[in-house]
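Here the structure comes first, spelled out in structure tokens, and everything after it is commentary.
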Amino acid sequence: MPAAAAAAARGPLLHLRRNPAPRLAAARRSFSSSGMRCVSAAAGAGGGGRERRSSPAFGGLLLDAGGTLLQLARPVAQTYASLGRRYGMSKSEESIKEGFKRAFSAPWPKTLRYQGDGRPFWRIVVAEATECTNNDYFEEVYEYYAHGDAWRLPAGAYETLRDLKDAGVKLAVVSNFDTRLRKLLKDLHVSDMFDAIVVSSEVGHEKPAPEIFKRALDQIGVEASKAVHVGDDETADKAGANAIGLECWLWGQDVRTFSEIQDRILTRFPQ
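Residues in the sequence shown are numbered consecutively from 1, following the UniProt record's numbering.
Structure follows, in structure tokens:
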């Protein structure tokens, strides 16, 4: 080391030896302060600048079931076709898919599509989609969808429901569905997560009717302005919720994952 550099390096050390206490104390304070700043910065950077809200953005979360919370384990046309082979049904999966869409979107002459167990409605849908009117075939299809194995939760859904519940957010299912829904939620181990389960076939109202949303809000004790609904239908979910002052995020458009729902409710992003 050159002499000048060595002398410069020794200077601070010599000063510390002459009067060590004040210098050491200052060094400790400086290290502690800078260390805390580094920890804080690292914590902020690790979350992409996000931080947990002191309280959730919404006090209640309402969820649609079919198509949002409940996803099919396999395509409906594939199921209809595979179950129909033993009954002589030979329609292609593409034809079944088109028939299903046509039947499901057709105007229903009664107030409710799903009354009780929903069999009258589903019998028409299956017959239209497959052109098979065999009652045994219909019953096999109907019972297949009555079990949790036919459905799945989206990735991260269970964890999001658990974390939101732990944070004090009230949870409700609001669904146009028949009486099979409660069993399906139990089969998928999420029934106990919800403070309310409001099913159209039980309450006599289907989305977008305001009554079904209001029933859910009343049961969880949260005002419309302090809750958010997530569903996959522009009319039944978004228009219906907005009509009573309830914010709605469309599944697949406004939000695409349950972790995103959790972030928007629990996490504050920098402005």
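Cβ coordinates follow ideal geometry from the N, Cα and C atoms, glycine included. Only a predicted model underlies this, so the values are computations on that prediction, with no experimental measurement involved.
To the nearest angstrom, how far is it from the Cα of Asp195 to the Cα of Leu171?
If I take the Cα positions, the gap works out to 5 Å.
Compute the beta-carbon to beta-carbon distance between Asp178 and Gln262, rounded to the nearest angstrom, for a pair I have assumed lies under 8 Å.
Not confirmed; about 29 Å, so no contact.
In terms of DSSP beta bridges, what is Arg152 paired with?
Paired residue(s): Gln71.
Among Arg74, Arg86, Met193, which one has its Cα closest to the Cα of Ala145?
What sits at residue 145 in the sequence shown is Tyr, not Ala. Among Arg74, Arg86, Met193, the Cα nearest to that of Tyr145 belongs to Arg74.
List the residues that DSSP assigns as beta-bridge partners of His205.
DSSP, once it has assigned bridges, lists no residue as partnering His205.
How many angstroms separate the CA atom of Ala106 from the CA atom of Val199?
Distance between the alpha carbons of Ala106 and Val199 is about 21 Å.
Are there 16 or more other CB atoms within 10 angstroms of the CB of Glu206, so buried, or fewer, so exposed?
Its Cβ being crowded by 16 or more others within 10 Å, Glu206 is buried.
Would you give the residue range spanned by the beta strand (DSSP E) that Lys170 belongs to?
Per DSSP, Lys170 belongs to the beta strand (DSSP E) from 170–175.
Whole angstroms is fine: what's the gap from Ala236's alpha carbon to Ser175's?
Whole-angstrom Cα-Cα distance: 10 Å.
Counting Cβ pairs, one atom from each stretch, are 3 or more of them under 8 Å apart for the segment 152–167 and the segment 129–137?
The segment 152–167 is not in contact with the segment 129–137.
For the 8 Å Cβ check, are there 3 or more pairs between the segment 74–94 and the segment 247–263?
Touching, no.
Should Pro109 go down as buried or exposed, given a rule of 16 or more other Cβ atoms within 10 Å for buried?
Exposed, by the Cβ-count rule.
Around the C-beta of His147, are 16 or more other C-beta atoms found within 10 angstroms, so that it is buried, or is it exposed?
It counts as exposed.
One question on the structure: do Glu128 and Ala103 come within less than 9 Å of each other, judged by their Cβ atoms?
Yes.
Just how far apart, CA to CA, sit Asp166 and Asp64?
If I take the Cα positions, the gap works out to 21 Å.
Would you check if the segment 53–62 and the segment 213–231 touch, i.e. whether three or more CB-CB distances between them fall below 8 Å?
The segment 213–231 vs the segment 53–62: in contact.
Per the DSSP calculation, Ala196 is bridged to which residue(s)?
Answer is Ala172.
Rounded to a whole number of angstroms, what is the C-alpha to C-alpha distance between Ser201 and Ile212?
So the alpha carbons of these two residues sit roughly 11 Å apart.
Go through its chain and collect everything with a Cβ distance to Leu181's Cβ below 7 Å, but skip five positions before and after it.
Excluding sequence neighbours, Leu181 sits near Ala65, Ser175, Val199.
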